[in-house]
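K.L.:
Chains as they are written, first to last, in the working numbering: chain A, 3 to 395; chain B, 3 to 395.
1. Would you mind reading off the limits of the beta strand (DSSP E) that contains residue 11/A?
2. So, is the C-beta of residue 183/A closer than 8 angstroms to a C-beta in chain B?
3. Would you please verify whether the beta carbon of residue 222/A is less than 8 angstroms from any beta carbon of chain E?
4. For residue 174/A versus residue 273/A, is the C-beta distance shorter than 8 angstroms?
5. With a cut-off of 8 angstroms on the beta carbons, I'd call residue 204/A and residue 152/A a contact; round off their distance for me.
6. Rounded to the nearest angstrom, what separates residue 24/A and residue 352/B at their Cα positions?
7. Residue 267/B and residue 345/B look like a contact to me (Cβ under 8 angstroms); what is the Cβ gap, rounded to whole Å?
8. Kindly indicate which three-state DSSP category residue 68/B falls into: helix, strand or coil?
9. Can you grab the Cα-Cα spacing for the pair residue 201/A / residue 60/A, in whole Å?
10. Enumerate in chain order the residues of its own chain whose CB-to-CB distance from residue 155/A is below 8 angstroms, with the five nearest sequence positions on each side excluded.
11. So which residues on chain B does residue 131/A lean against when the C-beta distance must stay under 8 angstroms?
12. Taking only beta-carbon atoms, is residue 42/B less than 8 angstroms away from chain A?
13. Inspect the beta-carbon positions of residue 198/B and residue 219/B and report whether they are closer than 8 angstroms.
14. Can you confirm whether residue 214/B, when its beta carbon is compared against all beta carbons of chain A, has any partner nearer than 8 angstroms?
15. Check the DSSP bridge columns for residue 1/A and list the partner residues they point to.
16. Per DSSP, what kind of secondary structure is residue 153/B in: helix, strand or coil?
17. Quick one: Cα of residue 17/B to Cα of residue 165/A, how far?
18. Where are the alpha helix (DSSP H) runs, 4 residues long or more, that stay fully inside the region 170-235 of chain A, in chain order?
19. Between residue 378/A and residue 280/B, what straight-line distance do the alpha-carbon atoms span, to the nearest angstrom?
20. Thinking C-alpha only, which one of 92/A, 339/A, 334/A and 216/A is nearest residue 312/A?
21. What are the boundary residues of the beta strand (DSSP E) that includes residue 367/A?
22. Taking residue 13/A as the query, report the chain B residues whose CB atoms sit under 8 angstroms from its CB, ordered along the chain.
23. Does the pairing of the region 231-251 of chain B with the region 175-190 of chain B give three or more beta-carbon distances under 8 angstroms?
24. Do you know how far the Cα of residue 223/B is from the Cα of residue 35/B?
25. Please state the DSSP three-state secondary structure of residue 83/B.
26. For residue 255/B, which residues of its own chain have a beta-carbon under 8 angstroms away from its beta-carbon, when the five flanking residues on both sides are left out?
27. Give the residues from the region 252-281 of chain B that approach chain A closer than 8 angstroms (Cβ to any Cβ), ordered along the chain.
28. Residues of the region 193-215 of chain A with a CB closer than 9 angstroms to any CB of chain B: list them in chain order, please.
29. So what's residue 299/A in DSSP terms, helix, strand or just coil?
30. CB-CB under 6 angstroms to residue 307/A, same chain, minus the five flanking residues each way: which ones, in chain order?
31. Looking at chain B, which residues of the region 153-172 of chain A have a Cβ within less than 8 angstroms of any of its Cβ atoms?
32. Is the beta carbon of residue 150/B less than 8 angstroms from the beta carbon of residue 99/B?
33. Determine the extent of the alpha helix (DSSP H) in which residue 392/A is found, giving its start and end residues.
34. Helix, strand or coil for residue 63/A? Go by DSSP, reduced to three states.
35. Relative to the C-alpha of residue 11/A, which candidate in 324/B, 145/B, 58/B and 46/B has its C-alpha closest?
36. Leaving out five residues on either side along the sequence, give the residues of the same chain with a beta carbon under 6 angstroms from the beta carbon of residue 241/A.
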């Protein structure tokens, strides 16, 4: 096992009707910036539940945070925080709203251009306290200190993290996800699945508990994901997906093991340049990336094939049988692609009308962001990225 | 899945040599009470590592905290805290030292008899900040807000918990466990195993992720436990046991599922009255208790038999085959007992020269402490306890 530090002080409040608890979690004297997205929370009743819970609080609203939250939007939130002397930020939404709120929380105390926070990893000394009401299980942002911000004018999408942007609390009510379109549930399941894979599918370091916890989430997502599409009103299914997505990226399964965030890195460029949903970018990149890394990841792919996919294994009696193992590796990658497709997420660039002409500028972006040695051993070069993108066509 | 709240703000610092990090975790101006046990930390070098790391800090030592830490000892620690105007408590030891330190931390601000904290569940408003250097993986106290305190004069052993007694940090260096006697490693593995079982072996509530995470810890302990006895110097084995024991009782696997702490409740009486090691009390009570609860816990015992023990299952084609399932249930319980015995932990009262004459007073103690309806459904009466103890002979 590798050495590690772990800290996650987020309070999780989980269950139906828990939004009413908001009034106990935020001090009465605190002036709140309520951050949300395009208004779906007004249609599904979450907005009303939040306002009712906080009827005695002073609230300033900041709606309109878009998917892949934009710097250009968020700087207006930072201005509003300063103008209104906000004490507390309440994010009501999915990962985009929460990530955007984290950027506002950190940017409020940063006196230069807040884009420095993502582009130059400017040190964050302080952030406004933050709480969340999660409406879309996917990114895990409700229980971590990460945030990914996009910039419209430069078509960039970059991440930052800081202990100061951990939410103080997150309210997870699975029943608020009943009204989500199936594509969004599918996106969330695939996003969470890939988060787990990026902390699991590297090389073995004799950390069996972390491996099995990762496998626990993978199996649960593979079982519950399709159920959620078939029975959108089933509370337990939604609860299991919601908790799995949170556990997928609260850093617990990643302690003491190597990680490989290259699928996210490449997918961010794809989303920033071509406008694809985050999860769809992941579903395109991941199978091709693992295919090119199949030698480095071989031991873990076989473990995944056996324990998660439960593929039948041949009895290995001689060296020649390594061919059979190779075919299991390739089958495991293919089955993963089939899982994404089964969730309704297409896994080829052509499915989104993107062809090879997009590749050179994606590679340029990666190079420009210094992403030239990716993967758990830094072995994914720009040339490998090119091959991965070509295989993704 | 059941509703839940989860909060665990403990910072874990994991790896060989991490004790040196102490100086960065405790403010230089803080006067420290260093709490430890019988002096084994002086023989294995941990004491020296701690003193070297904190060479610039002012330290008052409080050695001599015993196994099943005693109220009579700990009140002297509370007096010392007040007299010396201590700012921070550093527990260096296993669960007993950490639990004792938590009691001192809470008792320091409690102006009546601190025994009220355990006997009357007196409300804790405040506690001194606390950090730990873990030397024995077992109780999980390094990452939770629980503490169990014993009292010599009344032969009582009672628990309390409070968010104020979460350690601020815990340093987990698996290499400091190399010198532990094998009985202590065995105790730790069994203690952690039973902690998981008490959060797992109840009834299903459709919480597959929690189930699989619990199974992940159980399988890891069953695999790594015997290895630790065979190869006491193997770092990864010790690391895997240490992290498993922490994860077994940091409350994460218990969120959203029922729990049944009756084995601990009964075992506390056994330890308090008969002086048995905590883990040995658990190993005696647990198999008998599950036997009497085998109908209530049937579905989960079968799941455990299949997924953790990998027992071969008959194909069930008719009602008559329920007998076969009954035999699997009994075999699963027996295999669990064999696991404890294989770790060198005897599982019968007679192995410790305790006979039926001890039972009446144990039942009296349980009744006196109000423990008359135990188990996840409150179905374990004093009469069941009597049967459990008799079967444990």
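Cβ atoms here follow ideal geometry from the backbone N, Cα and C, with glycine treated the same way. Note that this is a predicted model, so its numbers are computed, not measured.
P.N.:
This is what the structure holds:
1. As a working mapping, residue 11/A is identified with position 9 in the first chain. 6-16 is the span of the beta strand (DSSP E), which, as asked, contains residue 11/A.
2. Here the question's residue 183/A lines up with position 181 in the first chain. Interface with chain B (8 angstroms Cβ-Cβ cutoff): residue 183/A is excluded.
3. Given the protein chain composition of this structure (A and B), no chain E is represented.
4. Walking along the first chain from the start, residue 174/A turns up at place 172. Walking along the first chain from the start, residue 273/A turns up at place 271. Not closer than 8 angstroms, so no.
5. The residue given as residue 204/A occupies position 202 in the first chain. The residue given as residue 152/A occupies position 150 in the first chain. Their Cβ separation, rounded to whole angstroms, is 27 angstroms, which puts residue 204/A and residue 152/A out of contact at 8 angstroms.
6. In the first chain, the residue the question calls residue 24/A occupies position 22. In the second chain, the residue the question calls residue 352/B occupies position 350. Rounded to whole angstroms, residue 24/A to residue 352/B spans 55 angstroms at the Cα level.
7. Within the second chain, numbered from 1, the residue matching residue 267/B stands at position 265. Within the second chain, numbered from 1, the residue matching residue 345/B stands at position 343. In fact, because the Cβ distance is near 23 angstroms, the residues do not count as touching under 8 angstroms.
8. To locate residue 68/B, count along the second chain from 1; it is residue 66. DSSP places residue 68/B in coil when its eight states are reduced to three.
9. By one-based count along the first chain, residue 201/A stands at place 199. By one-based count along the first chain, residue 60/A stands at place 58. For residue 201/A and residue 60/A, the distance between alpha carbons rounds to 41 angstroms.
10. Sequence index remark: in the first chain, residue 155/A carries index 153 (1-based). Closer than 8 angstroms at the Cβ level, and outside the excluded window around residue 155/A, lie 74.
11. Position 129 of the first chain, counting from 1, holds the residue named residue 131/A. The contacting residues do not exist; residue 131/A stays about 14 angstroms from chain B at best.
12. As a first step, residue 42/B is located in the second chain; it is residue number 40 there, counting from the start. No, because no Cβ of chain A sits closer than 8 angstroms to the Cβ of residue 42/B.
13. On the second chain, residue 198/B is found 196 positions in, with the first residue counted as 1. On the second chain, residue 219/B is found 217 positions in, with the first residue counted as 1. Going by C-beta atoms, residue 198/B is nearer than 8 angstroms to residue 219/B.
14. As a first step, residue 214/B is located in the second chain; it is residue number 212 there, counting from the start. It does; some Cβ of chain A falls within 8 angstroms.
15. Residue numbering for chain A in the displayed model covers 3 to 395; residue 1/A lies beyond these limits and cannot be assessed.
16. Start at 1 with the first residue of the second chain, and residue 153/B comes out as number 151. Per DSSP, reduced to three states, the secondary structure at residue 153/B is strand.
17. Along the second chain, one-based indexing puts residue 17/B at 15. Along the first chain, one-based indexing puts residue 165/A at 163. Distance between the alpha carbons of residue 17/B and residue 165/A is about 21 angstroms.
18. 184-202 and 210-232
19. Residue numbering aside, residue 378/A sits at position 376 when the first chain is read from its first letter. Residue numbering aside, residue 280/B sits at position 278 when the second chain is read from its first letter. So the two alpha carbons sit approximately 42 angstroms from each other.
20. Within the first chain, the letter at position 310 stands for residue 312/A. Cα-wise, what sits closest to residue 312/A is 334/A.
21. Counted from its first residue, the first chain places residue 367/A at position 365. Secondary structure note for residue 367/A: it is in no beta strand (DSSP E), and the uninterrupted alpha helix (DSSP H) holding it is 361-370.
22. In the first chain, residue 13/A corresponds to position 11, counting from 1. Under the 8 angstroms cutoff, chain B gives 7, 8 and 9.
23. yes
24. Counted from its first residue, the second chain places residue 35/B at position 33. Counted from its first residue, the second chain places residue 223/B at position 221. Answer to the nearest angstrom: the Cα atoms are 33 angstroms apart.
25. Here the question's residue 83/B lines up with position 81 in the second chain. Helix.
26. Within the second chain, numbered from 1, the residue matching residue 255/B stands at position 253. Excluding residues within five positions, the ones whose Cβ falls inside 8 angstroms are 198, 201, 202, 212, 215, 216, 219 and 249.
27. 254, 257 and 258
28. 207, 208, 209, 210, 211, 212, 213, 214 and 215
29. Position 297 of the first chain, counted from the first residue, corresponds to residue 299/A. DSSP places residue 299/A in coil when its eight states are reduced to three.
30. Mapped onto the first chain, residue 307/A falls at position 305. 313, 330 and 334, listed in sequence order.
31. none
32. Within the second chain, the letter at position 148 stands for residue 150/B. Within the second chain, the letter at position 97 stands for residue 99/B. Cβ distance not < 8 angstroms, so residue 150/B and residue 99/B don't count as in contact.
33. Locating residue 392/A in the first chain gives position 390, where the first residue counts as 1. Note, residue 392/A: alpha helix (DSSP H), 384-393.
34. Locating residue 63/A in the first chain gives position 61, where the first residue counts as 1. Three-state DSSP puts residue 63/A in a strand.
35. Reading the first chain from its first residue, position 9 is the one you call residue 11/A. When only C-alpha atoms are compared, the closest one is 145/B.
36. Working through the first chain from its first residue, we reach residue 241/A at position 239. 176.
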